[in-house]
Amino acid sequence: MAEQNTQPETVSSAKRRRAPRRWVRGLFFLLICSALMTALIYSPLFTLQRVVVHGNTYLQAEDIEQIGRIYKGQPLFQLKTDEVTQHLLQDLRIESAVVRRELPDTLAISIEERQPVATIATNYGYADLDRQGLVLASYKNLRQVPLPLITGRQLQDRFVGDTNTDDDVAAILAFLQHLDGNALNQLSEINAADMNAVTMYTTSAVQIRLGSLERLEEKAQLTQDFLEALPESKHAIEYVDFRFRAPYIKLNEVYKEPAAHS
Numbered sequence: 646m647a648e649q650n651t652q653p654e655t656v657s658s659a660k661r662r663r664a665p666r667r668w669v670r671g672l673f674f675l676l677i678c679s680a681l682m683t684a685l686i687y688s689p690l691f692t693l694q695r696v697v698v699h700g701n702t703y704l705q706a707e708d709i710e711q712i713g714r715i716y717k718g719q720p721l722f723q724l725k726t727d728e729v730t731q732h733l734l735q736d737l738r739i740e741s742a743v744v745r746r747e748l749p750d751t752l753a754i755s756i757e758e759r760q761p762v763a764t765i766a767t768n769y770g771y772a773d774l775d776r777q778g779l780v781l782a783s784y785k786n787l788r789q790v791p792l793p794l795i796t797g798r799q800l801q802d803r804f805v806g807d808t809n810t811d812d813d814v815a816a817i818l819a820f821l822q823h824l825d826g827n828a829l830n831q832l833s834e835i836n837a838a839d840m841n842a843v844t845m846y847t848t849s850a851v852q853i854r855l856g857s858l859e860r861l862e863e864k865a866q867l868t869q870d871f872l873e874a875l876p877e878s879k880h881a882i883e884y885v886d887f888r889f890r891a892p893y894i895k896l897n898e899v900y901k902e903p904a905a906h907s
């Protein structure tokens with residue numbers, strides 16, 4: 646019986662002696678992993694050197710870096726992508742953003758911008774409006790940007806982040822919602838001084854007569870189709886009239902003196 650009792654005690658004592666050793670080995674392993682992780686985080690190999698931006702049209706890559714509070718040279722693994730995303734979304738011009746690291750030294754950012762569709766005069770200068778009438782940018786002097794300028798109207802006391810409250814301007818924006826980016830880029834001016842005689846001008850000085858904005862979607866589709874075909878037109882066009890059910894195109898006839906008879 647005595648021999649049977651001593652064997653479990655011997656095994657138990659051996660386990661107790663090995664337990665501290667396992668604990669020490671585990672702690673040593675954790676310390677090594679921590680050291681490796683620290684070396685990895687602060688390694689020059691994994692410092693931010695490049696910022697690649699996708700989806701931007703109006704905002705420059707430098708603007709994105711500034712808005713996101715991104716600084717090249719910082720450890721890539723210390724950079725918190727969720728914080729960068731939140732900084733970007735606080736800018737009214739950015740509708741959505743996805744930020745991810747790309748080893749060894751790159752931060753990739755995909756954004757979707759709120760698209761400005763028109764510029765309009767204000768009592769302090771000019772403002773860019775998106776399709777919902779949100780003021781995305783304001784400035785004192787008119788800039789050379791590929792956006793149609795709404796003339797004959799002026800917004801009062803509307804600043805960045807404010808929304809348009811003018812019903813006539815809202816009607817113009819509702820019309821522009823139906824045009825794609827290429828069509829918008831071909832428009833230079835929308836004269837809305839008389840909402841029963843709205844007239845647009847292309848960058849090539851072709852006049853588009855809309856009249857009132859009744860049958861808005863129909864006239865917008867006619868405008869879209871016309872602007873798509875305009876660059877390929879073999880004829881010089883003076884104006885196109887969409888005021889009536891049957892569109893009318895007036896060609897630009899250049900006067901030529903009759904040839905002299907001998």
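Counting in our numbering, the sequence shown runs from 646 upward without gaps. The beta carbon of each residue, even a glycine, is placed where N, CA and C say it ideally should be.
What residue from V790, G770, A881, A706 has the CA that sits closest to S755's CA? Position 110 of the sequence shown holds residue 755. That would be A706, whose Cα lies nearest to the Cα of S755.
Alpha-carbon to alpha-carbon, L896 and H880: Residue numbering aside, residue 880 sits at position 235 when the sequence shown is read from its first letter. Residue numbering aside, residue 896 sits at position 251 when the sequence shown is read from its first letter. Computed Cα separation, rounded: 7 Å.
Pick out whichever of P749, A742, D886, V805 has its Cα sitting closest to the Cα of A772. Position 127 of the sequence shown holds residue 772. Checked all of P749, A742, D886, V805; the closest Cα to A772 is V805.
Use the C-beta contact count for T848: other C-beta atoms within 10 angstroms, 16 or more gives buried, fewer gives exposed. Here the question's residue 848 lines up with position 203 in the sequence shown. When all chains shown are included, T848 counts as exposed.
Near V851, which residues of its chain fall below 8 Å by C-beta distance, leaving aside the five closest residues on each side in sequence? In the sequence shown, the residue the question calls residue 851 occupies position 206. For V851, where only same-chain residues beyond five positions count, the Cβ hits under 8 Å are L875, I882, E883, Y884, V885.
Test item: CB-CB of I715 and V697 under 9 Å: To locate residue 715, count along the sequence shown from 1; it is residue 70. To locate residue 697, count along the sequence shown from 1; it is residue 52. If you check the CB distance, I715 and V697 do not come in under 9 Å.
Hey, out of D802, H732, L824, G797, whose CA is closest to N841's CA? Position 196 of the sequence shown, counting from 1, holds the residue named residue 841. The candidate whose alpha carbon is nearest that of N841 is G797.
In its own chain, which residues sit with a C-beta less than 6 Å from the C-beta of F887, not counting the 5 before and 5 after it? Taking the first residue of the sequence shown as position 1, residue 887 is located at position 242. The residues are L855, K864, L867.
Local conformation of I712 per DSSP, three classes: Taking the first residue of the sequence shown as position 1, residue 712 is located at position 67. Helix.
Return the first residue and the last residue of the alpha helix (DSSP H) that G826 is part of. Numbered from its first residue, the sequence shown carries residue 826 at position 181. Residues 826-830.
Assuming A837 contacts D807 (C-beta within less than 8 Å), just tell me the rounded distance between them. Residue 837 sits at position 192 when you count from the first residue of the sequence shown. Residue 807 sits at position 162 when you count from the first residue of the sequence shown. The Cβ separation is near 19 Å, so there is no contact.
Tell me the residue span of the beta strand (DSSP E) that contains D807. In the sequence shown, residue 807 corresponds to position 162, counting from 1. Premise fails: D807 is in no beta strand (DSSP E) and is neither H nor E.
Spatial neighbours of Y784 within its chain, please: C-beta separation below 7 Å, excluding the five flanking residues on both sides. To locate residue 784, count along the sequence shown from 1; it is residue 139. G770, Y771.
N- and C-terminal bounds of the beta strand (DSSP E) containing V935: This structure cannot speak to residue 935, because the chain is shown only from 646 to 907.
What three-state label does DSSP hand E898 in the structure shown? In the sequence shown, the residue the question calls residue 898 occupies position 253. It is coil, neither helix nor strand.
When DSSP labels each residue in this structure, what does P876 get in the three-state scheme? For the purposes of this step, residue 876 is taken as residue 231 along the sequence shown, with counting starting at 1. Three-state result, P876: helix.
Output the boundary residues of the beta strand (DSSP E) element that contains D886. Against the sequence shown, residue 886 aligns to sequence position 241. Run containing D886: 882-886, per the beta strand (DSSP E) assignment.
Closest by C-alpha distance to F889, when choosing among A816, N768, S857: As a first step, residue 889 must be located in the sequence shown, where it is residue number 244. Minimum Cα distance to F889 is reached at S857.
Could you tell me the distance, in whole angstroms, from the CA atom of D736 to the CA atom of L872? Start at 1 with the first residue of the sequence shown, and residue 736 comes out as number 91. Start at 1 with the first residue of the sequence shown, and residue 872 comes out as number 227. Those two C-alpha atoms are separated by around 32 Å.
Between A816, L774, Q831, which has its C-alpha nearest R860's C-alpha? In the sequence shown, the residue the question calls residue 860 occupies position 215. Ranking the options by Cα distance to R860, first place goes to A816.
Give a yes or no on contact between the stretch 743-757 and the stretch 817-831, applying the rule of three or more CB pairs nearer than 8 Å. no
Same chain, Cβ closer than 6 Å to H699, five either side skipped, listed in chain order: Your numbering for residue 699 matches position 54 in the sequence shown. For H699, where only same-chain residues beyond five positions count, the Cβ hits under 6 Å are S755.
Please classify D870 as buried or exposed, where buried requires at least 16 neighbouring CB atoms within 10 angstroms. Taking the sequence shown and counting its residues from 1, one reaches residue 870 at position 225. Answer is exposed; the Cβ neighbour count stays below 16.
Coarse secondary structure for D870, derived from DSSP in three states: Translated into positions along the sequence shown, residue 870 becomes position 225. Three-state DSSP puts D870 in a helix.
Quick one: Cα of L781 to Cα of E862, how far? For the purposes of this step, residue 781 is identified with residue 136 of the sequence shown, where counting begins at 1. For the purposes of this step, residue 862 is identified with residue 217 of the sequence shown, where counting begins at 1. Cα to Cα, the separation comes out at about 25 Å.
On a Cα-Cα basis, can you pick out the residue from A753, Q731, A819 that is closest to L774? Taking the sequence shown and counting its residues from 1, one reaches residue 774 at position 129. Of the listed residues, the one whose Cα sits closest to L774 is A819.
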